[in-house]
Amino acid sequence: MIRFCHGADSAIGQVRLVNEDSYLALPPLYAVADGMGGHQAGDLASALAVGALAARARVSPLSVEAVLAALDEANQAIIRNGEADSMGTTITGLASLETAGGSHLMVFNVGDSRVYRMAGGRLDQVTVDHSEVQELVLAGTLTRDQARTHPRRNIVTRALGSASALCPDHWLLPAIAGDRYLLCSDGLFNELPDDQILALLSVGDPQQAAATLVAAADAAGGHDNITVVVVDIDVDDDEAADDETTPRDQLPSGDD
Amino acid sequence: MTDVSYVPGDRTAIVGDTCWVLIDAAPDSAVVSGIWQQMARGAGLEALLASLLRPGLDQVPDFAVLAAAQGRHHLICRGRVGATLAPDGPAERVDGNGLATWIECRVAAEAGRVVLGDLPGGTGPRLPASAGVFLADSVAVDLTAPPRGRGPGAPSAPAALVTADRSVPPTVRADAVDTILARTSPVVSGHSAAVLPDGAGPRNIDAGLPQENGYDFLFGDTQARTVEGAAVRPADDADDEAGPPLSLPVPQALEPLPPPAGQPAGQWPSSPGSADPAGRGELTGSGGWADRGRLIDSVPWVTEVGYAPPSPGIPAGPAGPRPIDPGPTTVAGADDDGSTVMRGEVSTHASWSAAPDRIGPMVKAVLCSHRHPNPPGTPACGRCGAPLPAQAPVTVPRPVLGVLRLSTGDIITLDRGVVMGRSPRTDFAGPDRPHVVKLPSGDGEISRTHLQVSLDGWHVLVTDLNSTNGTMVALPGRDPERLRPGEPLPIQPGTQVIMAVGIDFRYEAAE
């Protein structure tokens, strides 16, 4: 059984007039959505997206199919609502799944919000941005750090509300006790370099870490809305994960 | 003195000295009379809302309420009535359309005016309003004059005639960082026109912007608006007196939510403090421990928003709003705007032939009449069976190649590679990160990181990662054979891969 402890914070930043980010912190489902489109459309799109996920969070246990179906529902809802009022949203998040092998996490992503995993003192970006600069990074044209300030850094290549066929990325990961996950909108990582994110994420409980990160990104310029959800993972002891593998010829004979 | 004007119409306006309501209800209805009485009593916004909500959430008519309290203005909009902030300038529309409850904003005086209801068209008369109840399509409140009194109610002397509209030029903030969906189609014009029938605001900006990439859409969002929270605001918003919505009925989406931290209940036990390690062990109930934090953070539409006045010349700096570009002529180039933009082609085409998103792996494909991608050389579509005519292959994002159906009942999508084992390593990074799947230990027969399934073009390959006890592979119609450690073996749909007794999977093609 997996257990979560989370904290969340959001700020409009120093420049934007509207906070178009939304987030969901409803175990076993977490998400950050960064809306796009003027006249409240972005707010609505991101709210619709997390709302569709929230409806699914009540169903337990979650499955990959259920989360993907919720994303699809959100996409359709945004397209329906967006007919006269073009809008879209990124969404990224974390859901817990139970499998025969134990608790897993499903990380999902559409767009350029991110999920990071902090484990063993390292910060590891799980999601891959759907953005033009990410393509340039993958092609070796840009470094990761250059991408943070590249003028085209905010051009996303996938978003909810942009096409009826949605192509969310997802990853399965084992839930490991002590891991801390960071979900954030680009207002965080475009302001703060990875090492600073790691340093701030490491300190305090999830709520403290979330508040500190948001405050730091805000103080660093706050060019965009900043939304952060921090989730700590705890898992019941699972048997034998650390044992040595037993060579088959040393197994008690019987059913082989 | 606050200047108030209205345009006669079909809704009911209830005008006080520091509180203004436009509601979709008859002027002689109980709800209107209740609001009027609350105002006359000088009741607070909370009492006023309670009066509005008394019949039950599903009976509450659409409304827009603007109230001054302690030097600030709150705007609450339910349903379609809505309001427009700063109609003379960047014109931000606020309404609760599509929301289960309502939307609440803080409005700064810099917004200039707030129009409750629809923006008046050019023709209808605009009349000065004094305290009272009357039929109106819209009510315009000028915030530049400070509100009198501290409570939101207290109808009193008639308001003065409305002053001439302030003329605020459309503003574009060149360094605004927003998330915007840009399209090649000229979405922005229609978008703006729908909201700003008088042509004020961002629509005027379009001409000064590069068109080829649809960047004009960027600036459709440059709107003044002060939004603070929505139906429910953060509990730690200390300077907010008594946060009225917190005491009100919560929307449906909130029903399954836990009580505030410290009140464990139901299936979502809360730990007494954020991430209190001591609390972890104690709260291992069915839902696990789930600290809610200080925020009521499960409400999807909670937003915390400040306000940046839409005027030029605001000094830059971390503590204050960034400079605001006064007009289109000085827009430094959309690329510098920093707004998130959706690349055009992807947004308008759903099919595989759309301009490809190059984030994931690409493959050469031939397409059936339903545009299902298939490996070149395939005689008939693997998904729909349609024949595949001779054609030049196109490059498309690689589709899901199928699933791994585990004997444990779990199903893994082959949209990427898979690493599995009893306690598999997880230190993968970058775009090729596989699914990492923990398997039952199988009496210790399964190695920690046992097996890898990788995707190469259209091929699915399985590799034993030097596992202690090895892996058996049964290709379709063949006997199981031991996989050579470290050597990738291509497998076909129907192949069974056995890692231990009772722990195996079958590779199945995409449906």
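Quick mapping for you: the protein sequence lines, in order, are chains A and B. Each step along the first sequence adds one to the number in this note's numbering, with nothing skipped, and position 231 is 320. Each step along the second sequence adds one to the number in this note's numbering, with nothing skipped, and position 133 is 154. Each residue gets a CB set at the ideal place from its N, CA and C atoms; glycine is no exception. The structure displayed is predicted, hence computed values, not measured ones.
Report task. State whether the segment 152 to 169 of chain A contacts the segment 271 to 284 of chain A, with contact taken as three or more CB pairs (one from each stretch) at a distance under 8 Å. Result -> no
Query raised in the report: Got a sec, what are the start and stop residues for the alpha helix (DSSP H) Asp275 (chain A) sits in?
Result: Asp275 to Phe278
Query raised in the report: Could you give the C-beta distance for Asn164 (chain A) and Leu225 (chain A), rounded to a whole number, given that I count them as a contact under 8 Å?
Result: About 26 Å; that fails the 8 Å criterion.
**Report entry** CB contact flag (Ala264 (chain A), Leu194 (chain A), <7 Å)
**Finding:** yes
Query raised in the report: Name the chain B residues whose beta carbon is nearer than 7 Å to that of Leu227 (chain A)?
Result: Pro452
Requested in this report: Could you check the C-alpha separation between Val522 (chain B) and Gln473 (chain B) for me, to the nearest Å?
Outcome: 18 Å
Query raised in the report: Taking C-beta to C-beta, are Asn98 (chain A) and Val245 (chain A) nearer than 7 Å?
Result: Here the sequence assigns Asp to residue 98 (chain A), which means Asn is not the residue at that position. Cβ atoms of Asp98 (chain A) and Val245 (chain A): not closer than 7 Å.
Query raised in the report: If you draw a straight line from the C-alpha of Ser50 (chain B) to the C-alpha of Pro146 (chain B), how long is it?
Result: 26 Å
Query raised in the report: Taking the continuous alpha helix (DSSP H) assigned at Arg145 (chain A), which residues delimit it?
Result: Ala130 to Ala146
Query raised in the report: From Met90 (chain A) to Glu125 (chain B), what does the alpha carbon distance come to, in whole angstroms?
Result: 39 Å
Requested in this report: Determine the closest residue to Lys459 (chain B) out of A:Arg241, A:Thr188 and A:His95, with distance taken between C-alpha atoms.
Outcome: A:Thr188
Report task. Could you check what DSSP says for Ala208 (chain A) in three-state terms: helix, strand or coil? Result -> strand
Query raised in the report: Is Gln214 (chain A) helix, strand or coil when you go by DSSP?
Result: strand
Query raised in the report: Taking 7 Å as the CB-CB cut-off, is Glu466 (chain B) touching chain A?
Result: yes
Query - Beta carbon proximity, Val217 (chain A) to chain B, threshold 7 Å - result: yes
Query raised in the report: Is Leu156 (chain B) buried or exposed, if buried means 16 or more other CB atoms sit within 10 Å of its CB?
Result: exposed
Query - Three-state class that DSSP yields for Asp234 (chain A) in the structure shown - result: helix
Query - Burial state of His391 (chain B), where buried means 16 or more other Cβ atoms lie within 10 Å - result: exposed
Requested in this report: Indicate whether Gly100 (chain B) and Asp83 (chain B) have their beta-carbon atoms separated by less than 7 Å.
Outcome: yes
Query raised in the report: Looking at the C-beta of Pro150 (chain A), does it have a partner C-beta in chain B at a distance below 7 Å?
Result: no
Requested in this report: Put Tyr528 (chain B) into one of helix, strand or coil per three-state DSSP.
Outcome: strand
Query raised in the report: At which residues does the beta strand (DSSP E) containing Met441 (chain B) begin and terminate?
Result: Val439 to Gly442
Report task. Could you say which of A:Ile167, A:Met125, A:Val222 and A:Ala208 lies nearest to Asp313 (chain A) if we only look at CA atoms? Result -> A:Met125
**Report entry** Members of the segment 138 to 168 of chain B that neighbour chain A once the beta carbon cut-off is set at 8 Å
**Finding:** none
Query raised in the report: Nearest to Thr33 (chain B) by alpha carbon, out of B:Ile56, B:Thr23 and B:Asp24?
Result: B:Ile56
Query - Separation of Leu262 (chain A) from Gly191 (chain A), as counted between CA atoms - result: 11 Å
Report task. Could you tell me which chain B residues have their CB closer than 8 Å to the CB of Pro282 (chain A), listed as they occur along the chain? Result -> None at all; the shortest Cβ gap to chain B is about 16 Å.
Query raised in the report: Rounded to the nearest angstrom, how far is the Cβ of Leu8 (chain B) from that of Leu482 (chain B), given a contact under 8 Å?
Result: In this structure chain B extends from 22 to 532, so residue 8 (chain B) is not present and cannot be described.
Requested in this report: Compute the beta-carbon to beta-carbon distance between Ser175 (chain A) and Ala130 (chain A), rounded to the nearest angstrom, for a pair I have assumed lies under 8 Å.
Outcome: 7 Å
Requested in this report: Name, please, each residue of chain A whose Cβ falls closer than 9 Å to the Cβ of Thr429 (chain B).
Outcome: Thr188, Ala189 and Gly190
Query raised in the report: Any C-beta of chain A sitting closer than 7 Å to the C-beta of Val128 (chain B)?
Result: no
Report task. Establish whether the CB of Ile519 (chain B) and some CB of chain A are separated by less than 7 Å. Result -> no
Query - Reference Met441 (chain B), options B:Val135, B:His95 and B:Leu427, closest by Cα - result: B:Leu427
Query raised in the report: Looking at the C-beta of Arg145 (chain A), does it have a partner C-beta in chain B at a distance below 7 Å?
Result: no
Report task. Please confirm if Leu460 (chain B) has its CB atom under 7 Å from at least one CB of chain A. Result -> yes
Query raised in the report: On the premise that Pro455 (chain B) lies in contact with Thr429 (chain B), defined as a C-beta separation below 8 Å, what is that separation, rounded to the nearest angstrom?
Result: Actually they are not in contact, since the Cβ atoms of Thr429 (chain B) and Pro455 (chain B) sit about 18 Å apart, beyond 8 Å.
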